[in-house]
Amino acid sequence: MVLVIGTGIAGLSAAVSLKKAGLRVKVITKKLTGGSTYIAKGGLAAAVGKDDSPEIHAKDTLIVGDGLCDEKAVHYVTKEAPRAVEVLESWGFKFADDLRLEGGHSRRRVLHKTDETGRDIYDFLMTKLKELEVPLLEDRVVSLKVSDEKVEGVIAERSGVVYDDKIVLATGGYAYLFKYTSNQPTNVGDGMAIAFKAGALLSAMEFVQFHPTVTSIDGEVFLLTETLRGEGAILVNSKGERFAFKYHEKGELAPRDVLSRAIYSELLKGERVYMDLTKIYDFERKFPVLNNFLKRHGLSQSSKIPVFPGAHFVDGGVRVNLRGETNVKGLYAIGEVSDTGLHGANRLASNSLAEALVFGVNLPSFIDKWEGLYVDDGDVIELGLRNGNKFSIEEIRKTNWENVGIIRNEERLEKAVFVYSSADTCSLDEEANAALVSLLTAIAANTRKESRGNHFREDFPQRDDRWKKRIYFKVK
1 MVLVIGTGIA GLSAAVSLKK AGLRVKVITK KLTGGSTYIA KGGLAAAVGK
51 DDSPEIHAKD TLIVGDGLCD EKAVHYVTKE APRAVEVLES WGFKFADDLR
101 LEGGHSRRRV LHKTDETGRD IYDFLMTKLK ELEVPLLEDR VVSLKVSDEK
151 VEGVIAERSG VVYDDKIVLA TGGYAYLFKY TSNQPTNVGD GMAIAFKAGA
201 LLSAMEFVQF HPTVTSIDGE VFLLTETLRG EGAILVNSKG ERFAFKYHEK
251 GELAPRDVLS RAIYSELLKG ERVYMDLTKI YDFERKFPVL NNFLKRHGLS
301 QSSKIPVFPG AHFVDGGVRV NLRGETNVKG LYAIGEVSDT GLHGANRLAS
351 NSLAEALVFG VNLPSFIDKW EGLYVDDGDV IELGLRNGNK FSIEEIRKTN
401 WENVGIIRNE ERLEKAVFVY SSADTCSLDE EANAALVSLL TAIAANTRKE
451 SRGNHFREDF PQRDDRWKKR IYFKVK
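Mapped onto UniProt numbering, the consecutive letters of the sequence shown carry residue numbers 1 to 476.
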């Protein structure tokens with residue numbers, strides 16, 4: 001029996017694939033519609049266009065990853081992505097005919113269905129799961145049962161002990177733990193925390209990606225997908241200046257880390273930043289979900305939409321090999337909860353859904369042939385757990401945004417480390433898990449004395465290739 005934890009594209013595609021391969025599988029999830037797949041707007045990156053290739057896709061990924069990508073992972077995912085798309089389509093899913101362009105890509109390679117492709121894929125895979133009669137339980141996993149460095153099952157909040165010797169973590173990231181975010185409240189790092197407590201290695205925790213263009217109107221948060229800028233949307237400040245080209249030669253199509261810092265810098269100057277949608281051809285047909293959002297708030301394509309950067313994706317996580325295997329026997333991690341090495345220091349837009357689908361559909365090939373993870377590409381920090389102060393999720397979100405946000409320095413990072421070093425990281429609740437992953441993020445960010453990708457330090461503003469390595473964490 002294989003237990004899959006999570007119902008994003010990684011978990012659902014893995015469960016469907018495992019069931020179709022004849023394996024016994026069941027799924028448990030904290031909240032059915034709580035993950036990032038359900039609200040993903042853009043699409044899935046795969047080199048399926050006539051002018052494209054996996055090699056070109058890999059080159060774009062490596063450039064955006066800023067020197068810290070695992071090249072084997074990059075070439076594996078970019079090669080496998082078109083095949084994974086074929087698998088999804090063979091199950092009956094249908095992408096739109098046109099490919100879209102997003103920041104950092106040199107080709108149109110983003111497959112989509114509507115302008116909320118994540119939800120489209122989620123709905124489709126959930127239907128498949130029900131058709132295949134895969135057991136689905138809505139419950140929160142609080143810990144892993146491990147004996148002799150081998151997983152034996154999980155403990156869930158309401159269900160108690162669930163025994164399985166193969167556990168697939170597909171629980172997503174923790175970008176909700178920042179005051180301004182595109183994520184849902186369920187994304188607080190539970191999966192990473194329980195894996196760490198069970199002995200799994202975590203890595204690249206300092207690399208949190210901020211999406212450049214999030215908006216909030218009348219309290220409703222909405223992600224303005226990268227594809228808008230690929231289709232002609234521009235950014236202007238309060239003076240009406242198109243400022244993005246001052247920060248990068250690609251302007252609005254610069255990599256996310258660059259554009260997020262550009263917008264944040266404009267905001268720090270006292271400017272407001274707006275997205276101008278007027279140059280998008282056939283807007284209502286291409287972006288019906290956004291069009292409806294605007295109408296709900298009395299706006300239209302001609303309105304200037306206020307935007308700000310929000311925490312969006314965690315590039316690091318539970319370190320795995322190309323089979324999704326961790327260093328704990330029987331424990332797999334796929335999707336955003338994992339660090340495959342694909343994203344390096346900064347994720348190329350729409351590579352997340354591609355990575356999740358590749359590792360999900362390929363899992364049946366590996367599930368009965370354990371090899372295990374071996375790493376030798378970084379420094380390992382051992383960290384103990386403690387009973388300490390309780391912090392609410394809102395307190396953690398405020399602390400992270402102010403001290404571990406888009407622009408960092410030693411003073412603020414040390415403040416975050418000091419705060420979280422006194423926190424309760426032993427308990428099984430969300431708050432303790434959130435404090436733990438926040439502590440690891442702050443320590444990693446303070447340890448890395450350079451700027452690279454999503455990690456920007458104003459006191460070390462240059463890249464330093466002495467830091468061309470991963471920072472690992474292991475429980476003491």
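No residue lacks a Cβ here, since even glycine has one placed at the ideal position from N, Cα and C. Since the model is a prediction, treat every value here as computed from it, not as a measurement.
Where the beta strand (DSSP E) through residue i begins and ends
i	result
Lys295	Run containing Lys295: none in the beta strand (DSSP E); it sits in the alpha helix (DSSP H), 288-296.
Val475	470-475
Thr78	Counting along the chain, Thr78 falls outside any beta strand (DSSP E), though it belongs to the alpha helix (DSSP H) covering 71-90.
Lys239	Here Lys239 belongs to no beta strand (DSSP E), and DSSP marks it neither H nor E.
Helix, strand or coil at residue i [DSSP, three-state]
i	result
Met126	helix
Tyr274	strand
Ser338	strand
Glu231	coil
Asp379	strand
Ala175	helix
Gly330	coil
Thr256	Looking at the sequence shown, residue 256 is not Thr but Arg. Of the three classes helix, strand and coil, the one that applies to Arg256 here is helix, per DSSP.
Leu132	coil
His455	strand
Val389	Per the sequence presented here, residue 389 reads as Asn, with Val not at that position. Strand, per DSSP.
Ser216	strand
Thr399	helix
Enclosing alpha helix (DSSP H) for residue i [first to last residue]
i	result
Val168	Not the alpha helix (DSSP H): Val168 falls in the beta strand (DSSP E), residues 166-169.
Leu439	430-447
Leu357	351-362
Tyr420	410-421
Ser13	9-20
Proximity of residue i and residue j at Cβ, strictly below 9 Å
i	j	result
Leu62	Gly344	yes
residue 477	Val188	Outside the shown range of the chain, which is 1 to 476, sits residue 477, and nothing can be said about it.
Ala311	His455	no
Asn409	Arg457	yes
Ala356	Ala10	yes
Ala45	Val110	yes
Lys369	Ala423	no
Leu277	Ser303	yes
Burial state of residue i (16 or more Cβ within 10 Å)
i	result
Ser216	exposed
Thr441	buried
Gln209	buried
Phe418	exposed
Thr127	exposed
Glu252	buried
Pro461	exposed
Pro82	buried
Glu89	exposed
Arg256	buried
Ser21	In the sequence on display, residue 21 carries Ala and not Ser. Exposed.
Proximity test, residue i beta-carbon vs the ligand GDP heavy atom, cut-off 8 Å
i	result
Asp115	Ligands are entirely absent from the displayed structure, and the ligand GDP is therefore not among its contents.
Which listed residue (the options) has its alpha carbon closest to that of residue i
i	options	result
Ile367	Ile9, Ser17, Gly8, Thr7	Ser17
Lys150	Gly199, Asn403, Thr117	Gly199
Leu100	Asp257, Arg108, Leu3	The sequence shown places Arg at residue 100, not Leu. Per the Cα distances, Arg108.
Leu23	Met1, Val74, Lys30, Ile39	Met1
Val437	Ser352, Leu228, Ser203	Ser203
Phe359	Phe245, Thr33, His112, Glu325	Glu325
Ser147	Lys19, Tyr174, Asp52, Val328	Val328
Leu331	Ile406, Ser260, Met192	Met192
Glu394	Leu177, Lys269, Gly103	Leu177
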